[in-house]
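The structure appears right after this line, and notes come after that.
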Amino acid sequence: MIINQAPHLHTCNGRSYYRWILALATNNSLHITYTPGHSDKVSLPAHLNYEADHYASPAQCQPCEILSTPIPTFFMDEDTFYSHDDSWIESNIMTYLHKSRSLSTSRALTSGYQLRLTLHLYNPRPPPEFLYTHTYLAYSVLVQLYTQSGQLPPADLLHSHKLLPSARCWTGCDAIEDAHHIFIHCR
Ligand SMILES: [Zn+2]
């Protein structure tokens, strides 16, 4: 039975490679027959299938030792997306865009916003359940939340949003009023 591969090759990931293999098979005297994989049969096709699996699996761990092939741009769709970071995109473009936008947003948040969201500075393990996590002093937690998310409005932030004429500390210190000044230095 010959199964038409055309609909599948229209959308599958890495479709240019499949088209290339199919073209090589079509322009050859090569005869492709179906043999069930991972079966206990002792036929020659089953044994060859087992051998192919046996060598293909460890080969994935040694990409340097595998001969490289040209990228089959000659079997790509007429319009194929290309990214500077990931080269040709032959997977679902919506999924790819979603992932790539998430990554770039995450990078921007990590290096911007006064490093408030720079996660690698922090211990990734969840905090232990100390008694004080049940404290009624929710105020201190709220202040931390506002500080970490940039919602605490010290004078430097209000000034940058043109809501205050000056960013200096309102108690009269000779300093810029940011969160660090309020909690650490301010009298
Ligand atoms: Zn001050």
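Going by this note's numbering, the first residue of the sequence shown is number 16, and it counts up by one from there. No residue lacks a Cβ here, since even glycine has one placed at the ideal position from N, Cα and C.
- Of the heavy atoms belonging to ligand 1, none sits nearer than 7 Å to the Cβ of Ala182.
- In this structure, Asn28 keeps its C-beta atom at 8 Å or more from the C-beta atom of Glu93.
- Take Thr186, set aside five residues on each side of it, and the residues of its chain with a beta-carbon closer than 8 Å to its own are Cys201, Arg202, in chain order.
- Nearest in C-alpha terms to Leu134, of all of Gln163, Ile199, His25, is Gln163.
- If the five residues before and after Thr50 are omitted, its C-beta is found closer than 7 Å to the C-beta atoms of Pro60, Ala61, Asn64, all from its own chain and listed in chain order.
- Looking at the backbone, the Cα of Arg140 and that of Ser155 are separated by about 21 Å.
- The three-state secondary structure of Arg183, taken from DSSP, is strand.
- Contiguous beta strand (DSSP E) elements confined to the region 93-169 occur at 96-98, 102-104, taking only those with 3 or more residues.
- Taking every protein chain shown into account, the CB of Cys79 has fewer than 16 other CB atoms within 10 angstroms, so this residue is exposed.
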